[in-house]
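Working notes for the structure below.
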Amino acid sequence: MALQRTDAQQKAESMTDRPIASPPSGRLVRYMEAVSRHRYATWVLAAIAFADSSILPLMPDLLLIPMVLTRPKQIWSLSAICTIASSLGAALGYLIGYELWNLFGARLVELYGYTESFAVYQRLVQEWGIWIIIAKAFTPIPFKIMAIAAGVAAMNPFAFMFATVVGRSLHFGITAGLLVLFGDRIMFLLTRYERPLALISVLLIIGLIVAYHVR
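Numbering (the numbering used here), first residue to last: 56 to 270.
See the structure below:
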């Protein structure tokens, strides 16, 4: 009887570690699982979240989503890691705007094509303070641009970090909440329409690259 209980417990534990949905896995889902469960995946996620808020055009959501779909028990811890790393990256972005604008910040803003609109973001930070930083969670503006603008505008650093943590928490919390609600449907679609979705993803990436270079 003791052996039977042990087997049942092991079976129950293995079931709790399954993805949000468990239809027959295609190659795309198996690849997602392999990447998401890699021993360095969490560190890579944190590094991407940090870089996205400071210097590089990376989106942690692109790794967070498959990790959450395949590691649902860790949904809130993964979101917290993104929030913390992204907030630390924003602190670096603020420092670039405040101390390193002439040396590095201006070139970075020019590289991402925000030279003409940067003065607008700087003025928004000066006028709205923490509210515009929090509102960034609901806009497509790269957070690094707002962080640099806050540094150039010499926004109070404590107010900036408070607003950053709130805004980043909202961003990743909303993402996690949507995955809780619709994760099973997403996994079903990934499994059923694996090839069309893979083709669409490749075309989308190509389109983004072309748009970036011809703008």
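For glycine and all other residues, C-beta sits at the position ideal for the given N, C-alpha and C.
ARG223 carries a helical assignment under DSSP once its states are collapsed to helix, strand and coil.
By the CB criterion at 7 Å, SER108 and ALA145 fall inside the cutoff.
Residue range 116 to 125 is occupied by the alpha helix (DSSP H) that includes PRO121. In this model, GLY148 and ALA106 are separated by some 9 Å (Cα to Cα). CA-CA distance, ILE139 to ALA101, rounds to 8 Å. With a 10 Å radius around the Cβ and a threshold of 16 neighbouring Cβ atoms, GLY168 comes out exposed.
Ranking SER172, GLY206, ALA174 and SER132 by CA distance to the CA of LEU155 puts GLY206 first. When DSSP states are grouped into helix, strand and coil, TYR149 belongs to the helix group. Taking 7 Å as the cut-off, the Cβ atoms of TYR176 and ALA204 count as close. The beta-carbon distance between ALA209 and TYR153, rounded to whole angstroms, is 7 Å. This is short enough to meet the 8 Å contact definition.
Contact annotation: SER141 and ALA104 have beta-carbon atoms nearer than 7 Å.
By the criterion of a C-beta distance shorter than 6 Å, PHE227 is surrounded in its chain by SER134, CYS137 and THR138, once the five residues flanking it on both sides are discounted.
Annotation for MET114: ILE103 and ASP107 place their beta carbon closer than 8 Å to its own, counting only its chain and skipping 5 residues before and after. Nearest to PHE213 by C-alpha distance, out of LEU158, PHE173, TRP98 and ILE188, is ILE188. Counting C-beta atoms within 10 angstroms of its own C-beta, ALA218 has 16 or more neighbours from the protein chains shown and is therefore classed as buried. Per DSSP, the unbroken alpha helix (DSSP H) holding LEU179 starts and ends at 170 to 183. Residue MET216 holds the alpha-carbon nearest to the alpha-carbon of LEU150 among THR194, MET216 and LEU233.
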